[in-house]
Amino acid sequence: MLAVQPSHYGYFGPVGTFTHQALLTLPPLRDEPTPYPTVGLALQAVRDGDVAAALVPIENSVEGGVTATLDNLTYGEPLRIVGEVVLPVQFTLFARNGTLLHDVHRVLTHPHAAAQCRDWLAANLPDAIITEGGSTAAAAAEVADPRSRFDAAICADIAGELNKLTPLATRIADNPDAVTRFVLVSRAGAVGPSTGADKTTMVLFMRDNHPGALLEILEQFASRGVNLCRIESRPTKRSLGDYCFSVDAEGHIDDARLAEAMMGLHRVCKDVIFLGSYPRADLTEPIIPHGTSNDDYAAAATWLQRLRG
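For the sequence shown, the positions run 774 to 1082 when my numbering is used.
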């Protein structure tokens, strides 16, 4: 479930990428979604009002965070994450009709796809030349051209099907459990209601670099029973060794424990960039430690008011 239902989507393209495939899992729209050649352009289209929201990759279970997305969300006009999609990432070897596996001598794909299929390629196409290009979708389109010097492409199923290619081998990724997480991003606005199974994304800037600075940040979550789903450092681009922290926390800004943690972060951090509270794709509800539920916070506030008379 998404926090909002935008009228028109953009996405990190081109047509036939995994982002496009992830987009097809969302509720259908009246208008055809618009592909953009980079993450930055997709998010800028949201800022400019050309699209109501854009779907972009943010995290891969094998490769880690998508830096282009993390940085574009951190800087510039504020944006808001309103939903997420988690998609299993599996690759297929596609070729033109009539090509057999032993005919494949030159393969085109994206660098991440080549890395994730390295063992399969070594075992099944040890003599093939692997060329890395801009995207798996573009690789499929190139191989579909009868004049192409490439025999096959490693890409998502949607790319092979759109280009009317024939699958020679399916599920060839070395890690069968690999997934990519995508986020749907809109312009900053009202936060959707809590569902009980939410994430909150924010970027935290240290006030200064001193012993225990990161511990001070983490204590704001730990002392209030807030679990982190993801934390990674990114350079602030101001000076060497100056980092900020991109964080996914379990819970919603309307949850008392997370709201208290965010107020604590506001006190100890130089800046806190709130990127949204939104429903989790896996619908997993957080484990709430004793004393940190909304009722516990309300009871504590009532008790304190009684003490004050």
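Here a beta-carbon is modelled for each residue, glycine too, at the ideal position from N, C-alpha and C.
Per DSSP, the bridge partner or partners of residue i
i     : result
S1006 : F1018
V880  : I903 and A925
D1044 : F978
V952  : P861
Collapsed DSSP secondary structure at residue i in the structure displayed
i     : result
E857  : strand
D1068 : helix
R1011 : coil
G849  : coil
N833  : strand
E805  : coil
M774  : Because M774 carries a pLDDT of 46, less than 50, the predicted location of this residue cannot be relied on, and the following value inherits that uncertainty. In this structure, M774 counts as coil in the three-state DSSP scheme.
V819  : helix
V999  : coil
G789  : coil
L957  : strand
T1075 : helix
G838  : strand
G783  : strand
L866  : strand
T973  : strand
L988  : helix
T939  : strand
H1063 : coil
A827  : strand
E1033 : helix
E934  : helix
L1080 : helix
Cβ separation of residue i and residue j, assumed to be a contact under 8 Å, to the nearest whole Å
i     : j     : result
V859  : A1054 : 4 Å
C1002 : K972  : 6 Å
G906  : L866  : Not a contact, Cβ separation roughly 15 Å.
P810  : P830  : P810 to P830, Cβ: 14 Å. No contact.
C1017 : F978  : 5 Å
P1059 : G1082 : 36 Å between Cβ atoms; not a contact.
Pair within 7 Å by beta-carbon distance, residue i and residue j
i    : j     : result
V812 : F785  : yes
T909 : C928  : yes
V952 : S834  : yes
D924 : H878  : yes
V964 : S1066 : no
P801 : Y782  : no
Checklist entry - Is the segment 848-856 close to the segment 890-902, with three or more CB pairs under 8 Å? => result In this structure the segment 848-856 does not touch the segment 890-902; the number of beta carbon pairs closer than 8 Å is below three.
Next on the checklist: Check whether the segment 1029-1045 and the segment 993-1012 touch, using three or more Cβ-Cβ pairs below 8 Å as the test.
Outcome noted: As far as the Cβ criterion goes, the segment 1029-1045 touches the segment 993-1012, which means the pair count is three or higher.
Item to check | Cβ contact check for the segment 935-946 and the segment 794-801: 3 or more pairs under 8 Å | outcome: Cβ pair count under 8 Å is below three, so no.
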